[in-house]
Amino acid sequence: MGQYKMSFALSGDTLLFGRKTDDSLAGSWPQVLASSAASEEEKLNAARLNQMDKTTISRTLKRPEWNNTTAVDHISIEMLVQLKAQSSGDILVYGSLSVVQQLITLDVVDEYQLLTHPVLFGNGAKLSPSVTASRRFHLLKSQTHKTGVIMLYYAVI
Numbered sequence: 000m001g002q003y004k005m006s007f008a009l010s011g012d013t014l015l016f017g018r019k020t021d022d023s024l025a026g027s028w029p030q031v032l033a034s035s036a037a038s039e040e041e042k043l044n045a046a047r048l049n050q051m052d053k054t055t056i057s058r059t060l061k062r063p064e065w066n067n068t069t070a071v072d073h074i075s076i077e078m079l080v081q082l083k084a085q086s087s088g089d090i091l092v093y094g095s096l097s098v099v100q101q102l103i104t105l106d107v108v109d110e111y112q113l114l115t116h117p118v119l120f121g122n123g124a125k126l127s128p129s130v131t132a133s134r135r136f137h138l139l140k141s142q143t144h145k146t147g148v149i150m151l152y153y154a155v156i
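When you line the sequence shown up against numbering that gives the first Met the number 0, it's residues 0 to 156, in that order.
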């Protein structure tokens, strides 16, 4: 899974996530580089994430502590156009179900990378609760990790 995380981080140059994901990532990745317990792979991933431009969607976070991070209070097409203009690569969403749901509603997602973990829960949140029209996808590739995680890559048609 470490290789997937690194290739994911290398596939774009801008991260977009919500406040909860910001709290989690900003609370751990900046310290990884100085950690003697971190593997070289983790340190490479930390260096990449720390250098990337990051945008946090939050009504409460005003001054993000993680370097290269800005906070905006909502997602709009205008904000996404500006973010894309400033980016030389893909804009990546790391976790952040509420952000993904908003992007799906705005119909601006062009690729989905879905990871299916071999765990069964009794309930959970829907990926796209507000979608009223069906959308079709084309499977770009799939991979099965040795842990049983299945990675599915879809393009929106």
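Think of the CB as a built atom: it goes at the ideal place given N, C-alpha and C, for glycine as much as any other residue. These numbers come from a predicted model, not from an experiment.
* Could you tell me whether the Cβ atoms of N66 and K4 are closer together than 8 Å? => Residue mapping note: residue 66 aligns to position 67 of the sequence shown, counting from 1. Residue mapping note: residue 4 aligns to position 5 of the sequence shown, counting from 1. No, they are not a contact pair.
* Residues that DSSP places opposite Y3 in a beta bridge -> Your numbering for residue 3 matches position 4 in the sequence shown. Partner(s): none; Y3 has no beta bridge.
* For T13, the residue or residues it bridges with in DSSP -> Here residue 13 refers to the residue found at position 14 when the sequence shown is read from its first residue. Beta-bridge annotation (DSSP): T13 is paired with D52, I90.
* For L32, I'd like the list of residues in its chain whose CB is within less than 6 Å of its CB, leaving aside the five on either flank, ordered along the chain. => The residue you call residue 32 lines up with position 33 of the sequence shown. Correct list, in chain order: K42, A45.
* Asked: For the beta strand (DSSP E) that T143 lies in, which residues bound it at each end?
  -> Counting from 1 along the sequence shown, the entry for residue 143 is found at position 144. It spans 136-143 - the beta strand (DSSP E) in which T143 sits, taken as one unbroken run.
* What residue does the alpha helix (DSSP H) around V99 start on, and which one ends it? -> Walking along the sequence shown from the start, residue 99 turns up at place 100. Following the DSSP letters along the chain, one finds V99 inside the alpha helix (DSSP H) bounded by residues 96-104.
* For the candidate residues D12, A25, Q2, G94, whose alpha-carbon lies nearest to that of Q85? -> As a first step, residue 85 is located in the sequence shown; it is residue number 86 there, counting from the start. When C-alpha distances from Q85 are compared across D12, A25, Q2, G94, the shortest belongs to D12.
* Asked: Nearest to H137 by CA position, among I76, L114, I156, S129, is which residue?
  -> Residue numbering aside, residue 137 sits at position 138 when the sequence shown is read from its first letter. Closest option to H137, Cα to Cα, is I156.
* To do: Within 10 angstroms of the Cβ of D72, are there 16 or more other Cβ atoms? Answer buried if so, exposed if not.
  => For the purposes of this step, residue 72 is taken as the residue at position 73 of the sequence shown. Answer is exposed; the Cβ neighbour count stays below 16.
* **Length of the line joining the Cα atoms of T104 and P128** => Indexing the sequence shown from 1 puts residue 104 at position 105. Indexing the sequence shown from 1 puts residue 128 at position 129. Spanning the two alpha carbons is a distance of roughly 9 Å.
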